[in-house]
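Here you go:
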């Protein structure tokens, strides 16, 4: 995507053999990069949410493992680095998927050849993510176009958290259809859930949409239900961190509440994701581990202070504990469908296997 | 209620003939008072949310009108002051109710006698609110005790926004049963929705519960659904700003989402309110005006800065518009009941008329 006319991906290999990522912890007020030179750098970037979004977490983990392999291509080092990277965040399936993909590519390869193969495989994972997100955009575009044909006004899309290009390598999952529709001239407007406690909607989705020129309005996470009750939302679309084989969608905490409201008001609600987000080993979303993050992410908020620098203020009194669980599970029954790189399917085992028939034997 | 062992009401007449209110815009980090000497002071305090909470808005408006009457007891001045006060906030029914109650008490009274009567009537409204909230506490206590009998562990209550003593003159509506249960030795724990965008949960409910020694945990508004799905919520209880004659409940934005989640998980969900919150003239919640407040309440957040003073930071980029609607309507069908000073009833016309039979003719 473009920022002030210049194209970027969220993660890029440099000529110096390092990996450069957009530092998302400083957005929307600072657009800066961070260099990752080691697997530990990559692990820290994932854990501290310098990079975030399930597909981008996977891409960063792949490059992190490739950085480790370059230092030491031994089996022991690969094992250790993979374990370090995998432990950074428990919910997003793309993380384990990317590490497994890299390790499969390295299996049986002599150590001397491993660094090049690992690096190329990480790059391939990134390129594949871009292609998949572009395909998700195409399939989602059909849905948005069809919905727009039925409204006599710009289409109102509601999204939760950030599942745009910043969450991926490029394009995004939930926002890919929005960008494609905008570029095709479909008039639309996006309701952007602020997405507490880390404000990825207010800070990342709003930034992305503004940079691309897409009309949008930031709202409190609390407002979406009322907007749906009063006819101001035509479709809800969000991303996913892990999808179980039955079509339950684990995504940023609060997605479930929006899906409930969409269902209660007869509004279509979709999750958009590449296959790397699907955990075929889980029979239901109840089995997905839900990450608990530091309470401080809720009790303190960072923003632009009056002097123009980033400042942090405390909003919960120290006498009160806080709990910060980062994800929830939207049951498949509340979803109108899943938008993947292969097309749109029902959120169900049958729906998913229709798009991924090669998984029939495994499941 | 007590703060560090000393009893307070949120609004108190002073010997100097002014009205002293707790400045809720500075909580939880500063416990300070503000003096209201004129109707304009009272109007400003309501509009700027120095005082908030439907019952307290009503009490403040009553004293505001009494302050105006003392300056000038003419019909014209009463009319003008009532209009000023009534326009401060559109949603809470208690505001119009309190002003109408005061005007009824003054009707036909010679101007010279009006100041005393108005002052006494405002004091009576405050005392009545305290008694009603205490009664709400008793009726709600029965519900909590019964639910607790069925759990083998402390009862988990989830509440949204602040409907505690800070929202009323004393005791609170939704929190009155919690305080009563705590005082009776029912072990309980409260999940406190932070309640964006103004954070009344994090700043007021957390402060209240900590001051009273009630166990609680602050959570993002997004988390309640997940907690309900995973069995960690036994009952949801929130207040109300206006209830229509059919039992629809207008309350702080986001209440509807929690009611949906409670309904989806078979968890009881109650609204607690005194009769002054019921608008018998409205047939459905869809007719309730929803206040739009400044976008800045969403785009900027005030908290305790690193130097120990209140500071404001910007969290939404200036390039993105924001919409801040302050209330939503929970349809009666999602509620297990309404807890009023007269008892608990079904959220329905029949249920309400059962408790308030004198309204049968009017409705």
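Chains as they are written, first to last, in my numbering: chain A, 579 to 941; chain B, 579 to 941.
Positions of the beta carbon are idealized from the N, C-alpha and C atoms, including for glycine.
What residue does the alpha helix (DSSP H) around residue i start on, and which one ends it?
| i | result |
| --- | --- |
| residue 826 of chain B | Unbroken run through residue 826 of chain B: none, as it is neither H nor E. |
| residue 767 of chain B | Segment 766-771 is the beta strand (DSSP E) holding residue 767 of chain B; no alpha helix (DSSP H) there. |
| residue 753 of chain B | 753-761 |
| residue 614 of chain B | Note, residue 614 of chain B: premise wrong, no alpha helix (DSSP H); beta strand (DSSP E) at 611-614. |
| residue 590 of chain A | Per DSSP, residue 590 of chain A belongs to no alpha helix (DSSP H); it is in the beta strand (DSSP E), 589-591. |
| residue 698 of chain B | 692-728 |
| residue 834 of chain A | 833-842 |
| residue 785 of chain B | 784-790 |
Can the beta-carbon of residue i be found less than 9 Å from the beta-carbon of residue j?
| i | j | result |
| --- | --- | --- |
| residue 630 of chain A | residue 869 of chain A | no |
| residue 917 of chain B | residue 717 of chain B | yes |
| residue 795 of chain B | residue 744 of chain A | no |
| residue 889 of chain A | residue 742 of chain B | no |
| residue 739 of chain B | residue 791 of chain B | no |
| residue 799 of chain B | residue 832 of chain B | yes |
| residue 823 of chain A | residue 771 of chain A | no |
| residue 617 of chain A | residue 645 of chain A | yes |
| residue 746 of chain A | residue 588 of chain A | yes |
| residue 850 of chain A | residue 751 of chain A | yes |
| residue 706 of chain B | residue 643 of chain B | no |
| residue 765 of chain B | residue 728 of chain B | no |
| residue 582 of chain B | residue 713 of chain B | no |
| residue 641 of chain B | residue 704 of chain B | yes |
| residue 656 of chain A | residue 692 of chain A | yes |
| residue 709 of chain A | residue 580 of chain A | no |
Grouping DSSP H, G and I as helix and E and B as strand, with all else coil, what is residue i?
| i | result |
| --- | --- |
| residue 870 of chain B | strand |
| residue 682 of chain A | helix |
| residue 618 of chain A | helix |
| residue 641 of chain A | helix |
| residue 629 of chain A | coil |
| residue 881 of chain A | strand |
| residue 648 of chain B | helix |
| residue 923 of chain B | strand |
List the endpoints of the continuous beta strand (DSSP E) containing residue i.
| i | result |
| --- | --- |
| residue 738 of chain B | Looking at the DSSP string, residue 738 of chain B is not in any beta strand (DSSP E), and its letter there is neither H nor E. |
| residue 891 of chain B | 888-892 |
| residue 916 of chain A | 915-918 |
| residue 598 of chain B | 597-600 |
| residue 904 of chain B | Neither: residue 904 of chain B is in no beta strand (DSSP E) and is coded neither H nor E. |
| residue 815 of chain A | 813-816 |
Spatial neighbours of residue i within its chain, please: C-beta separation below 6 Å, excluding the five flanking residues on both sides.
| i | result |
| --- | --- |
| residue 811 of chain B | 734, 736, 805 and 845 |
| residue 834 of chain B | 906 and 908 |
| residue 755 of chain A | 715, 718, 719 and 722 |
| residue 529 of chain A | Since the first residue shown for chain A is 579 and the last is 941, residue 529 of chain A is missing from the structure and cannot be characterised. |
| residue 726 of chain B | 733 and 764 |
| residue 793 of chain A | 767 |
Residue i to residue j, Cα distance in whole Å?
| i | j | result |
| --- | --- | --- |
| residue 839 of chain B | residue 816 of chain B | 14 Å |
| residue 604 of chain A | residue 898 of chain B | 17 Å |
| residue 829 of chain B | residue 637 of chain A | 44 Å |
| residue 879 of chain B | residue 894 of chain A | 12 Å |
| residue 875 of chain A | residue 903 of chain A | 10 Å |
| residue 606 of chain A | residue 782 of chain A | 6 Å |
| residue 892 of chain A | residue 785 of chain B | 14 Å |
| residue 935 of chain A | residue 847 of chain B | 43 Å |
| residue 767 of chain B | residue 803 of chain A | 27 Å |
| residue 886 of chain A | residue 669 of chain B | 36 Å |
| residue 702 of chain A | residue 896 of chain A | 47 Å |
| residue 676 of chain A | residue 611 of chain B | 57 Å |
| residue 591 of chain B | residue 837 of chain B | 38 Å |
| residue 698 of chain A | residue 757 of chain A | 29 Å |
| residue 910 of chain A | residue 925 of chain A | 5 Å |
| residue 600 of chain A | residue 628 of chain A | 8 Å |
| residue 748 of chain B | residue 586 of chain B | 8 Å |
| residue 843 of chain B | residue 620 of chain A | 40 Å |
| residue 753 of chain B | residue 594 of chain B | 32 Å |
| residue 639 of chain A | residue 658 of chain A | 13 Å |
Go through its chain and collect everything with a Cβ distance to residue i's Cβ below 7 Å, but skip five positions before and after it.
| i | result |
| --- | --- |
| residue 596 of chain B | 613, 614 and 615 |
| residue 937 of chain A | 858 and 931 |
| residue 674 of chain B | 664 |
| residue 862 of chain A | 822, 824 and 826 |
| residue 933 of chain A | 918, 920, 921 and 923 |
To which residues of the same chain is residue i closer than 8 Å at the C-beta, ignoring the five residues directly before and after it?
| i | result |
| --- | --- |
| residue 650 of chain B | none |
| residue 695 of chain B | 683, 684 and 687 |
Answer with yes or no whether the minimum CB distance from residue i to chain C is below 9 Å.
| i | result |
| --- | --- |
| residue 879 of chain B | Chain labels in this structure do not include chain C; the protein chains are A and B. |
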